[in-house]
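Report on the following structure.
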Amino acid sequence: LIVSVEITFRQNFLLMSFLNPWKATSNANVKTVPSLPAVTPAEKQRSKQVEWLRQEVVGLEELQLNVLYQVQVNSAGNVFYIVIHLPQGFPKDHPELSVTPPMEHPWIDEKCHIVGSPLLKNFSMHTSLGRVVSQLIKEFIDHPPRLREAESLQSDGTMHRIVRAAPPVPSKPAHLNVHPISSEGHQRYTMPPVPETFSKLNEYSTDKLQHFLHEIESVIDLDEFITKLPIIVKIREDRGQILSENEVLASENVSFESKLEDAWEELQETFLQLNSLREGFRKLHDEHNKYLKKYKPSKVIVKLSGAIQESEHKSEQLAEEFLTKNSSVDDFLKDFLTERKLYYLRMGKQVRLKNSYT
């Protein structure tokens, strides 16, 4: 970021010098700096494409000057980002567009690259990159993509680790321009706005400005001037604070390593117990099905019919014996009533089972 600011400042400074030319000093010891190379047509077209992108796309974020951009898309309750990378040969070469986090859509391939856009397929130097991105946003809103889901169990019953989203990063101080850029908790530092003019230059005389512009030795003075600018000082302070916070966060993450390992071992043990219980349940289930087949209602009805006939036959046999052998009445009633009771109990069970079975 600091390098980008310094380059931007140098370009603005030299641009002001060309717009306000001064007479060259007559001092023979003055050493002149070679003039800047002319801007090529490809560079002009690249700048024009970036300008079109900024005009067409609302909410565009610049991650790297003239190289990397992103825009947030809200579609069907999902929040994701279109990442725009401009390669070195752009706009002669096609821009590289992708989405994050991984989404599923006919225009998105397995590597999350956007390949199905008609405007992107037919992209040329004079195709508006802003129109390409606007078409993508409209397509993703009209036909929302779906988040890719990870499986926890494979088809063969084996288990593998599930990559879960990282926990939210602790909030940063308000003066640091840190904003989340994805649902996974990653954060990005937003550089403070670079002023279009530097009022400090008004304090220097024309000779001093000529010295900055033409003297090779003035590069050191110019670097010192740039490093003392408030925006550069702030960026360096923010960078140091972010680095310190990153170190603290890294130390905290390392301290969780042993806990994660213990949790992973506990999870493996629980998974083995689950497999053991599942195997026991399968055996009990098979045994249950075996008894269900053995004591099916139809088989029970058939056996009850046989038992009913047997009880009826015994009761009739007792009646015949009473009539032919002149046995006592008490003994006959005792045996006969017991057998007829058993007969009617079996008959009732058979009727009730038939009703419930049919």
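First residue of the sequence shown: 518, per our numbering; consecutive thereafter. Glycine included, every Cβ here is placed at the ideal spot set by N, Cα and C.
Residue nearest to residue i in terms of C-alpha spacing, selected from the options
{"i": "proline 712", "options": "Ile743, Met642, Val588 and Glu578", "result": "Ile743"}
{"i": "tyrosine 598", "options": "Leu653, Ser722, Pro709 and Tyr808", "result": "Leu653"}
{"i": "serine 564", "options": "Leu646, Asn595, Gln758 and Glu578", "result": "Leu646"}
{"i": "glutamate 578", "options": "Ala593, Trp624, Pro709 and Ile658", "result": "Pro709"}
{"i": "valine 588", "options": "Thr557, Phe607, Thr644 and Phe657", "result": "Phe657"}
{"i": "leucine 570", "options": "Glu560, Ile825, Asn591 and Asn583", "result": "Asn583"}
{"i": "glutamine 826", "options": "Tyr860, Lys816 and Phe798", "result": "Tyr860"}
{"i": "glutamate 856", "options": "Tyr706, Gln834, Lys800 and Asn843", "result": "Gln834"}
{"i": "threonine 557", "options": "His622, Asp740, Ser761 and Gly606", "result": "Gly606"}
{"i": "lysine 655", "options": "Val868, Leu726 and Val574", "result": "Val574"}
{"i": "glutamine 566", "options": "Thr714, Gly757, Glu627 and Arg648", "result": "Arg648"}
{"i": "phenylalanine 853", "options": "Val868, Ala836 and Glu627", "result": "Ala836"}
{"i": "proline 608", "options": "Ala559, Asp740 and Asp803", "result": "Ala559"}
Buried versus exposed call for residue i [16 or more other C-beta atoms within 10 Å across all chains shown]
{"i": "aspartate 755", "result": "buried"}
{"i": "proline 604", "result": "exposed"}
{"i": "phenylalanine 773", "result": "exposed"}
{"i": "phenylalanine 788", "result": "exposed"}
{"i": "leucine 614", "result": "buried"}
{"i": "leucine 637", "result": "buried"}
{"i": "serine 828", "result": "buried"}
{"i": "valine 590", "result": "buried"}
{"i": "glutamine 785", "result": "exposed"}
{"i": "glutamate 668", "result": "Note that glutamate 668 scores 37 on pLDDT, short of 50, meaning its location in the model is unreliable; the coordinates nonetheless yield the value given after this. Per the 10 Å Cβ criterion, exposed."}
{"i": "valine 765", "result": "exposed"}
{"i": "proline 814", "result": "exposed"}
{"i": "valine 650", "result": "buried"}
{"i": "tryptophan 624", "result": "buried"}
Proximal residues to residue i (C-beta, below 6 angstroms), its chain only, five neighbours per side dropped
{"i": "glutamine 790", "result": "none"}
{"i": "leucine 501", "result": "The structure shown has nothing for residue 501, since the chain only spans 518 to 875."}
{"i": "phenylalanine 640", "result": "His611"}
{"i": "isoleucine 629", "result": "For the sequence presented, residue 629 should be read as cysteine rather than isoleucine. So the list reads Ser615, Val616 and Pro619, once near-sequence residues are dropped."}
For residue j and residue i, believed in contact at Cβ under 8 angstroms, the rounded distance
{"i": "valine 616", "j": "isoleucine 631", "result": "7 angstroms"}
{"i": "lysine 866", "j": "leucine 821", "result": "6 angstroms"}
{"i": "arginine 863", "j": "alanine 824", "result": "5 angstroms"}
{"i": "valine 819", "j": "leucine 870", "result": "Not really, about 11 angstroms apart at Cβ, beyond 8 angstroms."}
{"i": "proline 618", "j": "leucine 664", "result": "7 angstroms"}
{"i": "alanine 509", "j": "proline 661", "result": "This structure does not reach residue 509, given that the chain is present from 518 up to 875, and the question cannot be answered."}
{"i": "glutamine 572", "j": "methionine 642", "result": "18 angstroms between Cβ atoms; not a contact."}
Residues of its chain near residue i, where Cβ-Cβ distance is below 7 angstroms and the 5 sequence neighbours each way are ignored
{"i": "asparagine 544", "result": "Confidence in asparagine 544 is poor, its pLDDT being 45 and thus under 50, which makes the residue's placement unreliable; the coordinate value appears in the next sentence. Taken in chain order, the list of residues that qualify is empty."}
{"i": "phenylalanine 839", "result": "Phe849"}
{"i": "leucine 610", "result": "A small fix is needed here, since residue 610 is aspartate in this sequence, not leucine. So the list reads Pro604, once near-sequence residues are dropped."}
{"i": "lysine 751", "result": "Pro709"}
{"i": "serine 844", "result": "Glu838"}
{"i": "leucine 831", "result": "Residue identity differs from the one stated: residue 831 is lysine in this sequence, not leucine. Hits under 7 angstroms: Glu856."}
Neighbourhood of residue i by C-beta, 8 angstroms cutoff - its chain only, sequence neighbours within 5 removed
{"i": "lysine 717", "result": "Phe742 and Leu746"}
{"i": "serine 873", "result": "Pro814"}
Chain B contact for residue i (CB, 8 angstroms cutoff)
{"i": "glutamine 785", "result": "Protein chain content of the structure displayed is limited to a single chain, and chain B is not contained in it."}
Starting from the N-terminal side, write out each stretch of the beta strand (DSSP E) that is 3 residues or longer and does not extend beyond the region 579-650. 585-592, 595-602 and 613-617
Extract the residue ranges of the alpha helix (DSSP H) inside the region 799-859, only unbroken runs of 4 or more that lie entirely within it. 814-842
Tell me the start and end of each unbroken beta strand (DSSP E) in the region 708-796 that is at least 3 residues and wholly inside, in chain order. none
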